[in-house]
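Student: One structure, pasted below without further comment.
Chains as they are written, first to last, in the working numbering: chain A, 1 to 296; chain B, 297 to 359.
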């Protein structure tokens, strides 16, 4: 058997499997199953191979080989660009768009998961080489579990209280509680909104979360997730029924008006609570001196 | 780079002559009922949102 055979094979297999298990987490955000799965599994395989050969290369004093890892990083950055571009193009055909911030978040996850696979394969090859393949398997499970845990971001339920809000009209202006959503003409539209609409208020827990929710991309993500999970009473020729998310400028509370197909408040709140907090939207004014002092 | 116009007035529907001017189509109507009907139809056709200016003018806006 060639040297390092077991080390490399174990690490490649377990690394690719790690990518497979991480893919399942994406299913909801990434609907192009099964072709997307094939693409990402293949990339995961390449990443796993890179991670697997790193240690043997070092032990053989092939330092040039290790420097190829840097080249690989470049390749995986391409993954992010491709994902971003593809999702941005597809976003145009969505009734309720994801928004560029959400897409950037998804693309970033795709990139970083390949690095996690490299790391997993490296850990496995180390454990297999110095101990035995069984320990390699155990270490890979630990690595995937730790990766999943560390990479899981927060959800809306961690940063804000979500509760039902009453929809009302003042003349042509529609409000969710005291938050102005928009001006709408036409009696018929008004009746439809009163009849089919659901209003939700999202109250941030503190000033950090207030800034996070102020981000427009985060709000687009909220509308998109709610609409994609409960359906939306809208077509291309009725843009007035687009879910809208507006902000109470005084307190930073968020009001959302949506016309779901499934008019069920409980599940709407469940869907909103599960929306991921976007990395790019996260604000931390409380970390600054001024922000901390200004808080009252 | 794509350059697109967003949020512009597609048309106006009014019951009061002379109250609205501009380089977009202006529909003069007789009654409020007719105004609602025409605005809704225009909204569907042009894929715009009908906004009520509360002075007898409805505008259709592309968002």
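Where a beta carbon is used, it is the ideal one built from N, C-alpha and C, also for glycine. Since the model is a prediction, treat every value here as computed from it, not as a measurement.
#1: In the DSSP output, which residue or residues are listed as bridge partners for residue 324/B?
#2: Which same chain residues, not among the five before or five after residue 353/B, have their C-beta less than 7 Å away from its C-beta?
#3: When you compare each of 270/A, 43/A, 115/A to residue 158/A by their alpha carbons, which one comes out closest?
#4: In whole angstroms, what is the alpha-carbon distance linking residue 257/A and residue 175/A?
#5: Rounded to the nearest angstrom, what separates residue 102/A and residue 23/A at their Cα positions?
#6: Looking at residue 128/A: is its Cβ nearer than 9 Å to the Cβ of residue 49/A?
#7: Over what stretch of residues does the alpha helix (DSSP H) that includes residue 261/A continue unbroken?
#8: Please list the residues of the stretch 297-329 of chain B that have a C-beta atom closer than 8 Å to any C-beta atom in chain A, keeping them in chain order.
#9: Could you pull the DSSP bridge partners for residue 216/A from this structure?
#10: What would DSSP say about residue 178/A, mapped onto helix, strand or coil?
#11: Check the C-beta distance from residue 73/A over to residue 87/A and give it rounded, since I have them as a contact under 8 Å.
#12: For residue 133/A, go through chain B and note every residue whose CB falls closer than 9 Å to its CB, in chain order.
#13: Which residues in the same chain as residue 162/A place their Cβ atom closer than 7 Å to its Cβ, once the five residues preceding and following it in sequence are excluded?
#14: From residue 21/A to residue 343/B, what distance separates their C-alpha atoms?
#15: Using the beta-carbon count (16 or more within 10 Å), is residue 64/A buried or exposed?
Tutor: Walking through what the data contain:
#1: 310/B
#2: 308, 310, 315, 316
#3: 270/A
#4: 9 Å
#5: 18 Å
#6: no
#7: Run containing residue 261/A: none; DSSP gives neither H nor E here.
#8: none
#9: Bridge partners of residue 216/A: none, in fact.
#10: coil
#11: Rounded, the Cβ-Cβ distance is 22 Å, inconsistent with contact.
#12: In chain order: nothing, as chain B lies at least about 53 Å away.
#13: 156, 200, 202, 269, 272, 273
#14: 43 Å
#15: exposed
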